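> Numbered by the numbering used here, the letters in the sequence shown go through residues 757 to 964 in order.
Positions of the beta carbon are idealized from the N, C-alpha and C atoms, including for glycine.
Keep in mind it's a predicted model, so treat the numbers as computed, not measured.
Input: one structure, supplied below.
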Amino acid sequence: MLTSELATLKTAIKQMSRKTRKDRFTFLNYFRPSIFLKGYGDFDPFLLKINKIKLFICDLDNTLVPHFTFRPTKTAVDFVNGIKQMGIKFYIVSNNRKSRVKRFCQYIQPDGYVSFAMKPRINKIKKLMKKLNVSPEETLMMGDQFVIDIFAANRIGCKSILVLPLVEQEKNKSSRFVNFLDKQIYSRLERNNLLIGTKNVDNDTKLL
Ligand SMILES: [Mg+2]
Numbered sequence: 757m758l759t760s761e762l763a764t765l766k767t768a769i770k771q772m773s774r775k776t777r778k779d780r781f782t783f784l785n786y787f788r789p790s791i792f793l794k795g796y797g798d799f800d801p802f803l804l805k806i807n808k809i810k811l812f813i814c815d816l817d818n819t820l821v822p823h824f825t826f827r828p829t830k831t832a833v834d835f836v837n838g839i840k841q842m843g844i845k846f847y848i849v850s851n852n853r854k855s856r857v858k859r860f861c862q863y864i865q866p867d868g869y870v871s872f873a874m875k876p877r878i879n880k881i882k883k884l885m886k887k888l889n890v891s892p893e894e895t896l897m898m899g900d901q902f903v904i905d906i907f908a909a910n911r912i913g914c915k916s917i918l919v920l921p922l923v924e925q926e927k928n929k930s931s932r933f934v935n936f937l938d939k940q941i942y943s944r945l946e947r948n949n950l951l952i953g954t955k956n957v958d959n960d961t962k963l964l
């Protein structure tokens, strides 16, 4: 994480520790996804069409498949195809190394991929959006981590889907920290009724 992200996180955490309800919501809005799903299998891509989405940015590890899985499952392939069939560009944007991302993408054939994206940094994502000439309103990001994927999406101003991680993260020091924050954020969003699941979403729902 770079200085700018850390500064934003620090401000957000400061706001969290304050007592007023309004401030807590300001903090939580950095991490609030447009929709919360247990798994992407529940998702109807038609909703993307209604919301005029042109670019779908998808995280790879623990979102589409577990981080140790090199080949996509049938559910993952069907999900990607469902989105592409709607005429929406599908990109994998992952913090993982090129060899892992490239190998996986051979099987699902996305419109493209970005490896070593350094999320929650947003430079590479913004560069991709510029290349494809899409606005934040026309972009949706899906991922399994509030602090990485949803934080990036909300700073860009695009829509987002949070899915529950498919398996536990790898147990290195930095991911333990991210997991800890993620769990805190999840319980606060849930407690304040700020997570919108598919049950509350119809096919014509306008996403935040
Ligand atoms: Mg992930």
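Could you please give me the residues that DSSP links to Leu950 through a beta bridge?
According to DSSP, which records beta bridges pairwise, Leu950 is partnered with nothing at all.
> Apart from the five residues just before and just after Leu951, which ones in its own chain have a Cβ nearer than 6 Å to its Cβ?
Phe792, Leu945.
> With a threshold of 6 Å on Cβ separation, who are the neighbours of Gly868 within its own chain once the five nearest residues in sequence on each side are excluded?
The residues are Tyr847.
> Does DSSP put Cys914 in a helix, in a strand, or in coil?
Note: Cys914 maps to coil in three-state DSSP.
> May I have the straight-line CA-CA distance separating Lys886 from Ala909, to the nearest angstrom?
So the alpha carbons of these two residues sit roughly 15 Å apart.
> Beta carbon of Thr782: closer than 7 Å to some heavy atom of ligand 1?
Flag unset: Cβ of Thr782 not near ligand 1.
> Measuring straight from C-alpha to C-alpha, what distance separates Ile912 and Ser891?
Approximately 10 Å between the Cα atoms of the pair.
> Going by alpha carbons, who is nearest to Thr829 out of Ile864, Leu896, Asn807, Lys808?
Minimum Cα distance to Thr829 is reached at Ile864.
> Verify the contact flag: Asn818, CB atom, against every heavy atom of ligand 1, threshold strictly below 7 Å.
Yes, ligand 1 has a heavy atom inside 7 Å of this Cβ.
> Find out if the Cβ-Cβ distance for the pair Leu804, Ile844 is shorter than 8 Å.
The answer is yes: Cβ separation under 8 Å.
> Can you name the residues that DSSP bridges to Leu888?
In DSSP, Leu888 forms no bridge with anything.
> Can you tell me whether Gln901 is buried or exposed, with buried defined as 16 or more other CB within 10 angstroms of its CB?
Buried, by the Cβ-count rule.
> With DSSP run on the structure shown, which of helix, strand or coil describes Lys845?
Correct three-state label for Lys845: strand.
> Can you list, in chain order, the stretches of the beta strand (DSSP E) that have 3 or more residues and sit fully within the region 780-816?
With a minimum length of 3 residues, the continuous beta strand (DSSP E) runs that stay inside the region 780-816 are 791-793, 811-814.
> I need the DSSP call for Val857, collapsed to helix, strand or coil.
Of the three classes helix, strand and coil, the one that applies to Val857 here is helix, per DSSP.
> Distance check for Phe936 and Glu924, CA to CA, integer angstroms please.
Answer to the nearest angstrom: the Cα atoms are 12 Å apart.
> Judging by CA-CA distance, which residue of Gln841, Ile878, Cys861, Lys882 is the nearest neighbour of Thr825?
Among Gln841, Ile878, Cys861, Lys882, the Cα nearest to that of Thr825 belongs to Cys861.
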